[in-house]
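With the working numbering applied, the sequence shown has no gaps in its numbers, which climb one by one up to 280 at the end.
This report concerns only the one structure given below.
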Amino acid sequence: MTVIVGSNPTPSAFRPGFHFEEAPAGIAGYGDAGHSVDVTVTPESRTAQTRTSGPWPWAFSLGGILFLIGGALHPSDDTSLPEAEQTAESLGAAAWIPAHALLLVGSVGFLIGLVALARSPMSLPTAARRATWVAAVGAALFVVEGVFHLGAFADRDAVLSGEATPLLSTHMAMGLVAYPLFAFAVAALAVLSGHTLTHPVVGVIGAIGAVAFGVAPTLVGAAGIEALGFLFPVGGIILGLWITVAGVMALIRGSARQRASIPIP
C-alpha cells in the first residue's frame, strides 16, 4: 500500500513492523515535497500483540471470575455454635464442594497467568517481574492447599468426634504459608507494576485487599480473632477483582492494538 506523507515525515508516527520507502524524486503525482510510503504488513506485525500478551490475560480474567463466584458460594459460619459444630456444619454444607471447586480452578488460573506473565516479554519493571515469580510460587502452594481445602469435607465426622482430621489440619497448616506468600506477592505486583497492568490507584486498592487476605489465616485461624473473620471474604473479593481487572484491561488493550494494526485498504 502506498501512502503520501509530507516532506518531513515523523518516524514515531509509523507503526512497528511496517516497511517505509521514499519514492524516487520527480514521479508524477507526488509533487516536489511529497514522499511515497510503501507499507508492508508483515506476519510479525500481525502477531506482535499475541506474543506480547500471551495467555496470561485470559488466565487472569477467567481465574478471577471463577474465584469470585466460588467465594460468593462459600458457606457462612454460624458463630452461635461451638467451634467444632460450627466447623462441621460448614464442612457438611451442600455448597462446600462447588464453592471450593471453583476456588481451586480459579487458583489454577492464577498460577497459569502468573507464570505466563513472568515469562512474557511484556515491559514490566524488574521488581514487578520478581514479585510475579514469587506470586507464582505462592499460587502453586495455594493450589495444593486448595486441594486439601476442598477435600476437608471428608473430615466432618472426625471433627464432631474429636478424632484426627488430616485433610482439614493440612489445609489449615498450609494456609499459614500459602496465603501470605501468594497474597503479599500479588500486593507487591499490584503496586510495583504501576500503569502497566492497571491504574496505580487501582493497584493500591488491590494491594490492600491482598494483604488483608494474606493475614487472615494467621489472625483468624491461628490467633483465633473471630472479629477479623471478615478479612477472608473482603480481602478475597478485592484480590480477585484486581486480578480480573488486570486481565480484562490487558485484553481490551490488546484488542485495540490489533484493530489499529489492520492495514488500510
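Every residue, glycine too, gets a C-beta built ideally from N, C-alpha and C.
Please read all numbers here as calculations on a predicted model, not as lab measurements.
| Asked | Found |
| --- | --- |
| Span separating the alpha-carbon of VAL175 from that of GLY69 | What sits at residue 175 in the sequence shown is Leu, not Val. Approximately 48 Å between the Cα atoms of the pair. |
| Cβ pair count under 8 Å reaching 3, the stretch 115-131 against the stretch 92-104 | no |
| THR94 versus ILE220: straight-line alpha-carbon distance, rounded | 29 Å |
| Boundaries of the alpha helix (DSSP H) in which ASP170 is found, first to last residue | Run containing ASP170: none; DSSP gives neither H nor E here. |
| Same chain only: Cβ atoms within 6 Å of ARG61, ignoring 5 sequence neighbours per side | The predicted position of ARG61 is uncertain, since its pLDDT is 42 and thus under 50; a value taken from the coordinates is nonetheless stated next. Cβ neighbours of ARG61 beyond the five flanking positions: none. |
| Between the CA atoms of PRO97 and LEU129 - distance to the nearest angstrom | 40 Å |
| Host alpha helix (DSSP H) of VAL235 (start-end) | Run containing VAL235: none; DSSP gives neither H nor E here. |
| With 16 other Cβ atoms within 10 Å as the buried cut-off, status of VAL216 | exposed |
| Nearest-angstrom beta carbon gap, LEU196 and ALA116 [assumed within contact, 8 Å] | The Cβ separation is near 23 Å, so there is no contact. |
| Local Cβ density within 10 Å of ALA155, reported as buried at 16 or more and exposed below that | buried |
| Beta-carbon separation (whole angstroms), TRP257 vs THR185, contact threshold 8 Å | At roughly 28 Å, the Cβ-Cβ gap does not stay under 8 Å, so TRP257 and THR185 are not in contact. |
| Candidates GLY250, THR211, LEU119: closest to ALA142 by CA position | THR211 |
| Burial state of ARG274 (16 or more Cβ within 10 Å) | exposed |
| With 16 other Cβ atoms within 10 Å as the buried cut-off, status of SER208 | buried |
| Which listed residue (PHE168, ILE80, LEU119, VAL149) has its alpha carbon closest to that of LEU132 | VAL149 |
| CB contact flag (VAL226, ALA202, <7 Å) | yes |
| Check whether PRO232 and GLY190 have beta carbons under 7 Å apart | yes |
| Candidates SER270, ILE223, ALA169, VAL260, of which the one nearest PHE247 by Cα | ILE223 |
| Own chain partners of ILE84 with C-beta closer than 6 Å, once the 5 adjacent residues on each side are dropped | LEU117 |
| Every unbroken alpha helix (DSSP H) within the stretch 93-131, with a cutoff of 4 residues, ordered by chain | 98-106 |
| Whole-angstrom distance between VAL249 and PHE228, CA atom to CA atom | 8 Å |
| Proximity to LEU204 [Cα-Cα], best of PHE82, ARG144, GLY244, ASP172 | ARG144 |
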